[in-house]
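**Student:**
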Amino acid sequence: ISYTISFGQIYLSKPTWVEPDQSTSAMFPNEARLRNLTYAAPLYMDMTRYTKVEDPDDPDDAGGMDADPETFEKIFLGHVPIMLRSTYCILKDSNDRELTDLGECPYDQGGYFVINGSEKVLIAQEKMTNNAVYVFTKKQPSKYSWVAEIKSSIDASRPASAMHVRLLNVGQVKNVSGACIHATVPYIRTEVPVVVLFRALGFVSDREILEHIVYDFADPQLMELVRPSLEEAFVIQSRAVALDYIGKRGSTQGVTKEKRIEYAKQILQREMLPHVSIAQYNETKKAYFIGYIVHKLLMSSIGARRPDDRDHYAQKRLDLAGPLLGQLFRQLFRKLAKDVQRYCQ
């Protein structure tokens, strides 16, 4: 028997407090301050359990899902701290007289939390802008001379997927005279030559790849910089071989070639540069974007553009309380799902 648990609708109520006699009453911020409580709201979730029964005597029997899944409504998950004067705060929409009666200052703007009776503020954290390409020079001695990086994210609620494109120093790749260009791909253990990446996206011929990277074929300097990468990937001349090359370096070991190719396709579609697209048949968009990254990297390496300044404030964004709490909740919820899975086993 195997069980599948799916999570459904979530519910967040107003802040409440369970008295010693197990009765529930509304919690006000001043009460939390005086009684050393945490001003938090209970979180509930609907869960559905599916049961799959397999026949132990029949190895080919994959079993079927139970036609009558069991639904559990409003299961208690835990408490979420509530920011004062936010949407879920009990003081929202209260007038000055009501605030005074509740022991609150009408001029208090809120924006903080009450944890164990103490007022706490979440400090904003700086981070680099998502979905923007930055090119930096590498401090020597290093395997690389230049690196381009991007943190790709569809929206703020999802973790960003990082990608690096690196220009290696001359002599780092055997039997190739010149500096090769390698890229990192999410969930792939080793770096992938950027030309192999283009071929995995369906752009096989050297001319197609050059069209994406070198916008002007009359530019001998850029053409010469791409030549070592084309030489390095000369042995891979089809999309299937390129996908298999990437799939072999993935997390799945000892699987068939077809599964490796399918795994590589899924990684390139869903995990690599998700802000460009996570839908099928968008290889052209991703190839153009990778070409843009490589072009920017090469232009910096020949001195045609300045490297980016990591400390410039235009490149920065601030994560406030919402995204920071979201990141923490994501980690804890993932841990909860793993604990449930371990308990069911």
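Just so you know, we're using UniProt numbering here: the sequence shown kicks off at 1 and counts up by one. Built from N, CA and C at the ideal position, the CB exists for glycine as well.
Comparing alpha-carbon positions, which option in 343, 332, 233, 341 lies nearest residue 80?
**Tutor:** As a working mapping, residue 80 is identified with position 80 in the sequence shown. The residue with the shortest Cα to Cα distance from residue 80 is 332.
**Student:** Taking just the CA atoms, how far does residue 196 sit from residue 334?
**Tutor:** Mapped onto the sequence shown, residue 334 falls at position 334. Mapped onto the sequence shown, residue 196 falls at position 196. Distance between the alpha carbons of residue 334 and residue 196: 34 angstroms.
**Student:** Is it a yes or a no for the region 288-302 touching the region 158-165, going by three-plus beta-carbon pairs under 8 angstroms?
**Tutor:** yes
**Student:** Residue range of the alpha helix (DSSP H) that residue 275 falls in?
**Tutor:** Position 275 of the sequence shown, counted from the start, is the residue given in the question as residue 275. Premise fails: residue 275 is in no alpha helix (DSSP H) and is neither H nor E.
**Student:** Which word fits residue 237, buried or exposed, when buried means at least 16 other C-beta atoms lie within 10 angstroms of its C-beta?
**Tutor:** For the purposes of this step, residue 237 is taken as residue 237 along the sequence shown, with counting starting at 1. The residue is exposed, with fewer than 16 neighbouring Cβ atoms inside 10 Å.
**Student:** Is the region 73-93 close to the region 105-117, with three or more CB pairs under 8 angstroms?
**Tutor:** They touch, by the three-pair rule.
**Student:** Under the DSSP definition of a beta bridge, which residues are partnered with residue 319?
**Tutor:** Position 319 of the sequence shown, counting from 1, holds the residue named residue 319. Paired residues: 125.
**Student:** So is residue 193 buried or exposed if we call it buried at 16+ other beta carbons inside 10 Å?
**Tutor:** Taking the first residue of the sequence shown as 1, we reach residue 193 at position 193. Answer is buried; the Cβ neighbour count reaches 16.
**Student:** Answer yes or no: do residue 88 and residue 45 have a C-beta to C-beta separation smaller than 9 angstroms?
**Tutor:** Counted from its first residue, the sequence shown places residue 88 at position 88. Counted from its first residue, the sequence shown places residue 45 at position 45. No, these two residues do not count as a Cβ contact at 9 angstroms.
**Student:** Return helix, strand or coil for residue 295, following the three-state DSSP convention.
**Tutor:** Looking up residue 295 in the sequence shown gives position 295. Annotated three-state conformation of residue 295 is helix, per DSSP.
**Student:** Please state the DSSP three-state secondary structure of residue 207.
**Tutor:** As a working mapping, residue 207 is identified with position 207 in the sequence shown. Here residue 207 sits in helix by DSSP.
**Student:** Where does residue 343 sit, in a helix, a strand or coil, going by DSSP?
**Tutor:** For the purposes of this step, residue 343 is taken as the residue at position 343 of the sequence shown. In the structure shown, residue 343 sits in a helix (DSSP, three-state: H, G or I).
**Student:** Is there a Cβ from chain B that is less than 9 angstroms from the Cβ of residue 74?
**Tutor:** Within the model displayed, chain B is absent; a lone protein chain is all it includes.
**Student:** For the putative contact between residue 323 and residue 154, defined by C-beta atoms under 8 angstroms, what is the C-beta separation to the nearest angstrom?
**Tutor:** Position 323 of the sequence shown, counting from 1, holds the residue named residue 323. Position 154 of the sequence shown, counting from 1, holds the residue named residue 154. Under the criterion of beta carbons closer than 8 angstroms, residue 323 and residue 154 do not qualify as touching, at roughly 14 angstroms.
**Student:** Can you tell me whether residue 250 is buried or exposed? The criterion is at least 16 other CB atoms within 10 Å of its CB, across all chains shown.
**Tutor:** Taking the first residue of the sequence shown as 1, we reach residue 250 at position 250. Buried, since its Cβ has 16 or more Cβ neighbours within 10 Å.
**Student:** Could you tell me which residues DSSP pairs with residue 193 in its beta bridges?
**Tutor:** Taking the first residue of the sequence shown as 1, we reach residue 193 at position 193. Answer is 182.
**Student:** Could you please give the first and the last residue of the uninterrupted alpha helix (DSSP H) stretch that includes residue 247?
**Tutor:** Along the sequence shown, read from residue 1 onward, the residue named residue 247 stands at position 247. 239-248 is the extent of the alpha helix (DSSP H) around residue 247.
**Student:** With DSSP run on the structure shown, which of helix, strand or coil describes residue 202?
**Tutor:** Indexing the sequence shown from 1 puts residue 202 at position 202. Three-state result, residue 202: coil.
**Student:** Do you know how far the Cα of residue 20 is from the Cα of residue 33?
**Tutor:** Residue mapping note: residue 33 aligns to position 33 of the sequence shown, counting from 1. Residue mapping note: residue 20 aligns to position 20 of the sequence shown, counting from 1. Looking at the two C-alpha atoms, the distance is approximately 18 angstroms.
**Student:** Roughly how far, in whole angstroms, is the beta-carbon of residue 229 from the beta-carbon of residue 180, given that I think they are within contact range, below 8 angstroms?
**Tutor:** For the purposes of this step, residue 229 is taken as the residue at position 229 of the sequence shown. For the purposes of this step, residue 180 is taken as the residue at position 180 of the sequence shown. Contact flag correct, Cβ pair sits at about 5 angstroms.
**Student:** For the beta strand (DSSP E) that contains residue 11, what are its first and last residues?
**Tutor:** The residue given as residue 11 occupies position 11 in the sequence shown. Its beta strand (DSSP E) spans residues 2-12.
**Student:** Provide the residue(s) that pair with residue 43 in DSSP beta bridges, ordered along the chain.
**Tutor:** Against the sequence shown, residue 43 aligns to sequence position 43. Per DSSP, 12, 78.
**Student:** At which residues does the alpha helix (DSSP H) containing residue 165 begin and terminate?
**Tutor:** As a first step, residue 165 is located in the sequence shown; it is residue number 165 there, counting from the start. Careful: residue 165 lies outside any alpha helix (DSSP H), inside the beta strand (DSSP E) at 161-168.
**Student:** Measure the C-alpha to C-alpha separation of residue 262 and residue 286 and round it to an integer number of angstroms.
**Tutor:** In the sequence shown, residue 262 corresponds to position 262, counting from 1. In the sequence shown, residue 286 corresponds to position 286, counting from 1. So the alpha carbons of these two residues sit roughly 18 angstroms apart.
**Student:** Ordered along the chain, which non-local residues of its own chain (more than five positions away) have a Cβ less than 6 angstroms from that of residue 233?
**Tutor:** Your numbering for residue 233 matches position 233 in the sequence shown. Once the five neighbours on either side are set aside, the close Cβ partners of residue 233 are 193, 195, 196.
**Student:** Give the DSSP-derived three-state secondary structure of residue 137 in the structure shown.
**Tutor:** Taking the sequence shown and counting its residues from 1, one reaches residue 137 at position 137. In the structure shown, residue 137 sits in a strand (DSSP, three-state: E or B).
**Student:** Leaving aside the five residues before and after residue 315 along the sequence, list all residues of the same chain whose C-beta is less than 8 angstroms from its C-beta, in chain order.
**Tutor:** For the purposes of this step, residue 315 is identified with residue 315 of the sequence shown, where counting begins at 1. Within the same chain, and ignoring the five residues on either side of residue 315 in sequence, the residues whose Cβ sits closer than 8 angstroms to its Cβ are 128, 129, 132, 134, 308, 309.
**Student:** For residue 69 and residue 8, what's the separation of their Cα atoms in angstroms?
**Tutor:** Taking the sequence shown and counting its residues from 1, one reaches residue 69 at position 69. Taking the sequence shown and counting its residues from 1, one reaches residue 8 at position 8. Rounded to whole angstroms, residue 69 to residue 8 spans 13 angstroms at the Cα level.
**Student:** Indicate the three-state DSSP secondary structure (helix, strand or coil) for residue 234 in the structure shown.
**Tutor:** What you label residue 234 is simply residue 234 of the sequence shown in a count that begins at 1. In the structure shown, residue 234 sits in coil (DSSP, three-state: anything other than H, G, I, E or B).
**Student:** Report the residue from 327, 342, 202, 49 whose alpha carbon sits nearest the alpha carbon of residue 156.
**Tutor:** Locating residue 156 in the sequence shown gives position 156, where the first residue counts as 1. Ranking 327, 342, 202, 49 by Cα distance to residue 156 puts 327 first.
**Student:** For residue 53, does the three-state DSSP call read helix, strand or coil?
**Tutor:** To locate residue 53, count along the sequence shown from 1; it is residue 53. Three-state DSSP puts residue 53 in a strand.
**Student:** Please classify residue 210 as buried or exposed, where buried requires at least 16 other C-beta atoms within 10 Å of its C-beta.
**Tutor:** Walking along the sequence shown from the start, residue 210 turns up at place 210. Classification of residue 210: buried, given that the 10 Å Cβ count is 16 or more.
**Student:** Where does residue 118 land, buried or exposed, given buried means 16+ other C-beta within 10 angstroms?
**Tutor:** Mapped onto the sequence shown, residue 118 falls at position 118. So residue 118 ends up on the exposed side.
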